[in-house]
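Undergrad: Read the sequence shown against the working numbering and you will find it ends at 392, with the numbers running on by one and no gaps.
Handing you this structure, nothing more for now.
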Amino acid sequence: MASSTPPSVCNAHSVPVAEGTADVLCVDRFEVSVGRYQECVSARACETNDGTVFGPEFEGTEAFWERFCTSRMGRADLPLNCVDWQAARRFCEWAGGRLPSMREWLLVAGTSAPEAGRANVCDRSCRAMFVSLGRPGEYVDIDDGFESISPVGALDHGTTVEVHDLAGNLGEWTEDAFEPSRNDQRPDQRTVLGSSWETVSEEYVSGTTPYGHLAEGRGESLGFRCVYARRSP
Ligand SMILES: [Ca+2]
Ligand SMILES: [Ca+2]
């Protein structure tokens, strides 16, 4: 018997966030992990992640920051960082989806705002870790349990939230261009949302303030997740 409900476009990694509306949208529960990305590499659809950072902000300090590139750490359950926008896009395409738009990301975040201490930001242990590396800095005066990047889904969000670490852990690429001013000479910048394990200001913990990042840049605080969408008939 025919059903009027469109078949779900969710896969095993994702959950629905807007079913019942004109668009059916599913979103990855977790930031894309090293292990999941490796499946795409094994399928020869993604390039190997070499665990390097790139961008003007790293000039001369690459070696320091690359210690935090998760593909170097030998753990499949860490979220992939040090990944540029095109590589993130390619993965999502291979997975049958795409990067979220800014609007979609914020739609999901609206239903899963973190409680205090439930997002992995630069907490006391993070500060202590940076002190031990000779780089003391600002921090958020809480304990979240992780001095740097946490495995996907590691924070206890309680039972009502199905989408983890939108805020915190890694900032996340979106599909959208970031254009605060019109200037064709500017390099391609894409909009990033989400705070990260390095966020030091409570003001930014929710991660809903967009910022621009060089599309070809790769950073230790930046990863991604995918959405899967199809317009209903
Ligand atoms: Ca932390
Ligand atoms: Ca995140």
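Where is the CB? At the ideal position from N, CA and C, for every residue including glycine.
Given the structure is predicted, the values throughout are model-derived calculations rather than measurements.
If we count the other Cβ atoms within 10 Å of its Cβ and call it buried at 16 or more, is residue 229 buried or exposed?
TA: buried
Undergrad: Beta-carbon separation of residue 225 and residue 210 under 8 angstroms?
TA: Yes, Cβ-Cβ distance for residue 225 and residue 210 is below 8 angstroms.
Undergrad: Comparing alpha-carbon positions, which option in 365, 321, 259 lies nearest residue 355?
TA: 365
Undergrad: Is residue 350 closer than 8 angstroms to residue 299 when the C-beta atoms are compared?
TA: Cβ distance not < 8 angstroms, so residue 299 and residue 350 don't count as in contact.
Undergrad: Quick one: residues in its chain with C-beta nearer than 6 angstroms to the C-beta of residue 207, no 5 flanking neighbours on either side, listed in chain order?
TA: Correct list, in chain order: 200.
Undergrad: Helix, strand or coil for residue 362 per DSSP?
TA: helix
Undergrad: Within a Cβ cutoff of 6 angstroms, which residues of the same chain sit near residue 302, ignoring the five residues on either side of it in sequence?
TA: 282, 283
Undergrad: Could you check the C-alpha separation between residue 310 and residue 379 for me, to the nearest Å?
TA: 14 angstroms
Undergrad: Please determine whether the Cβ atom of residue 303 lies at a distance below 7 angstroms from any heavy atom of ligand 2.
TA: no
Undergrad: Quick check: the Cα distance between residue 232 and residue 216, rounded to an integer number of angstroms?
TA: 23 angstroms
Undergrad: Suppose you measure from the CA of residue 170 to the CA of residue 240; what does that come to, to the nearest Å?
TA: 22 angstroms
Undergrad: Have a look at residue 174 and residue 263 and give me their C-alpha separation to the nearest angstrom.
TA: 14 angstroms
Undergrad: Which same chain residues end up closer than 6 angstroms to residue 297 when comparing Cβ atoms and leaving out the 5 residues on each side of it in sequence?
TA: 359
Undergrad: Measure the alpha-carbon distance for residue 160 versus residue 168 and round it to whole angstroms.
TA: Legend: pLDDT at residue 160 = 42, less than 50; position of this residue unreliable, no value from coordinates given.
Undergrad: Could you spell out the range, first to last residue, of the beta strand (DSSP E) harbouring residue 283?
TA: Premise fails: residue 283 lies in the alpha helix (DSSP H), 283-291, not in any beta strand (DSSP E).
Undergrad: Let me make sure I understand the geometry here. Which of 321, 219, 190 has the alpha-carbon closest to that of residue 176?
TA: 321
Undergrad: What residue range does the alpha helix (DSSP H) around residue 313 cover?
TA: Careful: residue 313 lies outside any alpha helix (DSSP H) and carries neither H nor E.
Undergrad: Could you say which of 382, 278, 376, 305 lies nearest to residue 221 if we only look at CA atoms?
TA: 376
Undergrad: Pick from 192, 304, 307, 268: whose alpha carbon is nearest that of residue 254?
TA: 192
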